[in-house]
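Below: one structure, written as structure tokens.
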Ligand SMILES: [Zn+2]
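Numbering (the numbering used here), first residue to last: 1 to 334.
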């Protein structure tokens with residue numbers, strides 16, 4: 001009898017697991033929720049501030065999986081003590097401010113408006129150095145994958161660390177589901193990253209090397225939280241169709257600096273009308289947005305915040321860890 005009930009119990013557990021695995025990523029489906037919070041820590045140039053060059057963000061799943069998004073110039077190389085264990089590195093584009101053509105020597109070097117990022121990493125990059133040193137995984141499609149494989153190999157890692165992932169597909173890394181979504185931008189590798197003969201030829205015509213499309217990302221954490229990372233995007237119908245309707249993003253981290261990406265008005269439109277998340281973090285605003293951790297009036301970040309009425313706007317202050325539950329509610333550090 002006891003044996004039968006154990007068998008019955010394992011059948012029930014297996015059936016429940018199958019149902020959970022079948023649940024769609026979208027918030028319209030049944031959401032597989034578990035407890036725990038996702039920890040998000042911006043790794044900017046200046047402790048406690050949101051500064052001009054800030055790109056990097058660290059995500060930690062309740063199960064311990066740690067994901068670094070856009071190492072950029074403000075992570076002081078693979079030995080930056082803020083990094084710790086890194087399981088996955090995500091890269092939105094190979095532009096210098098994201099891949100890290102040069103980096104800060106130490107956190108707080110220079111000012112928030114003009115961080116001192118003078119340690120040269122090109123022709124390799126901060127991103128490849130971190131992937132190699134941390135033995136991390138990275139995901140990219142087509143040409144960008146091959147470009148990164150070569151860089152990681154040159155940095156002492158293995159090309160096998162870079163797995164294929166393109167728009168439409170998903171991968172699972174330590175319990176976190178990762179999907180790539182389109183970005184409206186460009187993704188050329190500049191001459192600084194190329195071998196000398198190719199760089200010389202391309203420079204003559206003012207061209208960069210083609211490395212495929214940029215990456216935006218959807219991260220679905222094990223507590224059910226769905227996060228959208230916009231990359232350097234403008235307004236895009238994908239933010240309505242793919243990011244909201246299919247993936248059901250609940251927390252959006254959106255670039256809002258203008259000129260190179262959406263500005264505050266465009267980013268606010270994406271949030272209010274297209275993505276409609278439960279909370280938002282402005283990103284990549286290319287300015288010293290805070291002083292003493294407080295938002296400076298008249299900044300682009302302040303403009304963006306004033307245009308978001310219905311949901312909380314959380315500032316990405318460097319080194320401050322924010323914790324989100326499975327419904328995108330900030331329960332600590334905001
Ligand atoms: Zn950028």
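Backbone N, C-alpha and C fix where the C-beta goes; we use that ideal spot for every residue, glycine too.
* Asked: At what residues does the beta strand (DSSP E) containing residue 255 begin and finish?
  -> 251–255
* **CB contact flag (residue 52, residue 72, <8 Å)** => no
* To do: Say whether the stretch 192–210 touches the stretch 162–175, bearing in mind that this needs 3 or more beta-carbon pairs closer than 8 Å, one atom from each stretch.
  => no
* Asked: Where do the N-terminal and C-terminal ends of the alpha helix (DSSP H) with residue 142 fall, by residue?
  -> 142–154
* Asked: In chain order, what residues of the same chain lie with their CB nearer than 6 Å to the CB of residue 321, ignoring the 5 residues before and after it?
  -> The residues are 39, 41, 333.
* State the beta-bridge partners of residue 330 as determined by DSSP. => According to DSSP, which records beta bridges pairwise, residue 330 is partnered with 324.
* Asked: Where residue 212 and residue 91 are concerned, what is the direct C-alpha to C-alpha distance, given to the nearest angstrom?
  -> When rounded, the distance between both Cα atoms is 13 Å.
* With respect to 7 Å, is the separation between the Cβ of residue 97 and the closest non-hydrogen atom of ligand 1 below this value? -> Answer for residue 97: yes, Cβ within range of ligand 1.
* To do: Could you tell me the boundaries of the alpha helix (DSSP H) in which residue 202 lies?
  => 196–204
* **Sequence-distant residues of its chain with Cβ nearer than 7 Å to residue 244 (five each side left out)** => 274, 275, 276
* Close beta carbons around residue 239, own chain, < 6 Å, minus the five adjacent residues each side -> 270, 274, 275
* **Residues of its chain near residue 318, where Cβ-Cβ distance is below 8 Å and the 5 sequence neighbours each way are ignored** => 42, 43, 44, 45, 46, 47, 48, 49, 50, 51, 54, 74, 107
* Close beta carbons around residue 313, own chain, < 6 Å, minus the five adjacent residues each side -> 280, 305
* To do: From the DSSP output, in three-state form, read off residue 54 for me.
  => coil
* For residue 59, does the three-state DSSP call read helix, strand or coil? -> strand
* **Three-state secondary structure assigned by DSSP to residue 307** => If DSSP states are grouped into helix, strand and coil, residue 307 belongs with the helices.
* To do: Would you mind giving the Cβ-Cβ distance between residue 236 and residue 182, rounded to the nearest angstrom? I have them listed as a contact below 8 Å.
  => 7 Å
* Distance, Cα to Cα, residue 246 vs residue 138? -> 24 Å
* Take residue 214 as the anchor and find which of 95, 283, 203 has the nearest alpha-carbon. => 95
* Take residue 147 and list the residues in its own chain whose beta-carbon comes closer than 7 Å to its own, dropping the five residues that flank it on each side. => Cβ neighbours of residue 147 within its own chain (closer than 7 Å, five residues either side excluded): 94, 189, 211.
* Near residue 122, what residues of its chain come up, given a Cβ to Cβ distance below 8 Å and the 5 sequence neighbours on each side ignored? -> 96, 101, 102, 192, 193
* To do: For residue 213, name the three-state secondary structure that DSSP assigns.
  => coil
* Of all the options 37, 184, 104, which has the alpha carbon lying nearest to the alpha carbon of residue 262? -> 184
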